[in-house]
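Sequential numbering of the sequence shown, starting at -2, is according to the numbering used here. Each residue gets a CB set at the ideal place from its N, CA and C atoms; glycine is no exception. Heads up, the thing below is written out as structure tokens.
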Amino acid sequence: MEGTKKTRLEVIRLSEDEKSVIILDQTRLPNHEEYFTISDAESAWNAIKLLQVRGAPAIGVFAGYAMYMLAQKMTEKPFDEFKEEFREQARYLNSSRPTAVNLSWALKRQVALVDSYDGTETAEIVRMVGEEAAKIDDENAEMSRRIAEHGVTLVKDGDGILTHCNAGYLACLGYGTATAPIYYGTEQGMKFHVFSDETRPLLQGARLTSYELARAGIDVTLICDSMASIVMKSGAVDAVFVGCDRIAANGDFANKIGTSGVAILAKHYGIPFYTLGPSSTIDFDTPTGDDIHIEERDPREIKEMWYSEPMALEEVHSYNPSFDVTDHELVTGIVTENGIAWPPFEENLKKLNMK
Ligand code: MRU
-2 MEGTKKTRLE
8 VIRLSEDEKS
18 VIILDQTRLP
28 NHEEYFTISD
38 AESAWNAIKL
48 LQVRGAPAIG
58 VFAGYAMYML
68 AQKMTEKPFD
78 EFKEEFREQA
88 RYLNSSRPTA
98 VNLSWALKRQ
108 VALVDSYDGT
118 ETAEIVRMVG
128 EEAAKIDDEN
138 AEMSRRIAEH
148 GVTLVKDGDG
158 ILTHCNAGYL
168 ACLGYGTATA
178 PIYYGTEQGM
188 KFHVFSDETR
198 PLLQGARLTS
208 YELARAGIDV
218 TLICDSMASI
228 VMKSGAVDAV
238 FVGCDRIAAN
248 GDFANKIGTS
258 GVAILAKHYG
268 IPFYTLGPSS
278 TIDFDTPTGD
288 DIHIEERDPR
298 EIKEMWYSEP
308 MALEEVHSYN
318 PSFDVTDHEL
328 VTGIVTENGI
338 AWPPFEENLK
348 KLNMK
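This is how it looks when you write it as structure tokens:
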């Protein structure tokens, strides 16, 4: 990771006394590189809800550390009381955003650790929660590296790659997920040309993806979401790489709103379309994309955010689903740290997760 590491910002870390979690405030990028200190449950909930920390894997890592930060405040409590409150705090954080499975996955992992503890020393289990948070973080970095190694086999030097939203290191740490083959291939001397959809309404592609790739010296062109078709038709795109927030057992997956449209276009133009994410994003309890709960956000994000004046009349209704579901039939392959799953996904995702 050396080549591009120098140019990266740190995204999540514990404070020196380990009583707070410090995050890069992603709502302030690209113009302000500011850090925000979180020391209580409410600010942790808000940080996830308001997208100060965002992207499925990063939310999972953050949740792991946030539970440690909260556990530290309860060190003096008798273990039974600690356990009850710890579970309650996890339930509370889990209510901040519904779609990305990584949030509930990391919270469940911390709660399971506490539930399985057979001692009575609160201080000891708090320490173990801290170790588990660091483990989730380390595993995530390893996951990203392995996704990079698998993903790079899908592209060749000189390829044009289109991506949607931000599944780079800001969202996933390490090399990111959708960007992992791009960073890794670049380190091996390959050159890519990346097209970054701006990603309305919250502009993660403009504010975050083009920012982090440009900062790393990668050739990136920002386009409006509505321009993906003309760019694909021109022959400039050899592959589409996107992230994922939840993959259903049949291979349907939720990702940032607009992803399914990109997949439909890619199919039309015969361009391979891949989603890349940690195996923890596969939710075998969710049979198909129809069972994924899609977060709906404040319509003001469409009408007012980023503008000095509202861009639609007050009385105009707007609808702001934050994610959509891409049908598995549009997906060429699913890349996880365990390898690449090809259709039929129902069968091959299970096999991949057994590795
Ligand atoms: O609402 P966001 O910015 O958290 O949405 C992020 C995405 O949809 C990403 O593509 C996704 O989390 C997959 S990889 C980080």
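- The residues PHE189, VAL191, ALA236, PHE238, in chain order, have a CB closer than 6 Å to that of ILE158 in the same chain once the five nearest residues on each side in sequence are set aside.
- Of the heavy atoms belonging to ligand 1, none sits nearer than 6 Å to the Cβ of GLN107.
- Taking non-hydrogen atoms of ligand 1 into account, the C-beta of LYS46 is found less than 6 Å away from none of them.
- Note that the C-beta distance between ILE122 and VAL111 is below 7 Å.
- CA-CA distance, GLU209 to THR196, rounds to 15 Å.
- Pairing ALA44 with ASN99 gives a Cβ-Cβ distance that is not under 7 Å.
- Contact check for SER207 against LEU262 fails: the beta carbons are separated by 7 Å or more.
- Annotation: the continuous beta strand (DSSP E) that includes ASN252 extends over 250 to 253.
- In this structure, the alpha-carbon of PHE281 lies about 12 Å from that of PHE250.
- Taken atom to atom, the span from the alpha-carbon of THR72 to that of ALA38 is near 16 Å.
- Counted as a single uninterrupted DSSP element, the alpha helix (DSSP H) harbouring ASP134 occupies residues 119 to 148.
- Judged by the Cβ position, ASP249 fails to qualify as a neighbour of ligand 1 at the 6 Å threshold, every heavy atom of the ligand being at least this far.
- For ALA177, the enclosing alpha helix (DSSP H) starts and ends at 177 to 184.
- Annotation for GLN201 indicates a beta carbon within 6 Å of some heavy atom of ligand 1.
- It is roughly 10 Å from the alpha-carbon of ILE19 to the alpha-carbon of VAL50.
- Between ligand 1 and ASP242, a heavy atom-to-CB distance of less than 6 Å is present.
- Taking the Cβ of ALA103 as the reference point, every heavy atom of ligand 1 lies at 6 Å or farther away.
- Residue environment for VAL8: buried (at least 16 other C-beta atoms within 10 angstroms of its C-beta).
- One alpha carbon belongs to PHE270, the other to VAL152, and they sit about 12 Å apart.
- Each residue's CA atom was taken as its position, placing LEU21 and LYS70 some 23 Å apart.
- DSSP, read as helix, strand or coil, puts LEU273 in strand.
- The criterion of a C-beta distance shorter than 7 Å is satisfied by CYS169 and ALA55.
- For the pair ALA211 and GLU30, the Cα-to-Cα distance works out to about 15 Å.
- Look at the segment 283 to 332 and you find these whole runs of alpha helix (DSSP H), each 4 residues long or longer: 297 to 300.
- Boundaries of the beta strand (DSSP E) around ASP216: 216 to 220.
- Following the DSSP letters along the chain, one finds ILE261 inside the alpha helix (DSSP H) bounded by residues 256 to 266.
- A Cβ-Cβ separation of about 7 Å places GLY61 in contact with ASP134 under the 8 Å criterion.
- Distance from the CA of THR174 to the CA of GLU312, rounded to the nearest whole angstrom, comes to 40 Å.
- Only residues of its own chain outside the window of five on either side were considered, and among them ASN317, SER319 have a CB closer than 7 Å to the CB of ARG294, listed in chain order.
- Contact between the segment 84 to 96 and the segment 115 to 132 is absent: fewer than three C-beta pairs spanning the two stretches fall below 8 Å.
- According to the DSSP assignment, LEU21 belongs to the beta strand (DSSP E) that extends over 18 to 21.
- When distances are taken from the beta-carbon of GLY255 to the heavy atoms of ligand 1, even the shortest one reaches 6 Å or more.
- With 16 or more other CB atoms across the displayed protein chains lying within 10 angstroms of its CB, LEU273 is buried.
- For PHE281, there is no enclosing alpha helix (DSSP H), as DSSP marks it with neither H nor E.
- Burial state of PRO275 is buried, judged by a 10 Å Cβ sphere holding 16 or more other Cβ atoms.
- The alpha-carbon of MET66 is positioned some 24 Å away from that of GLU139.
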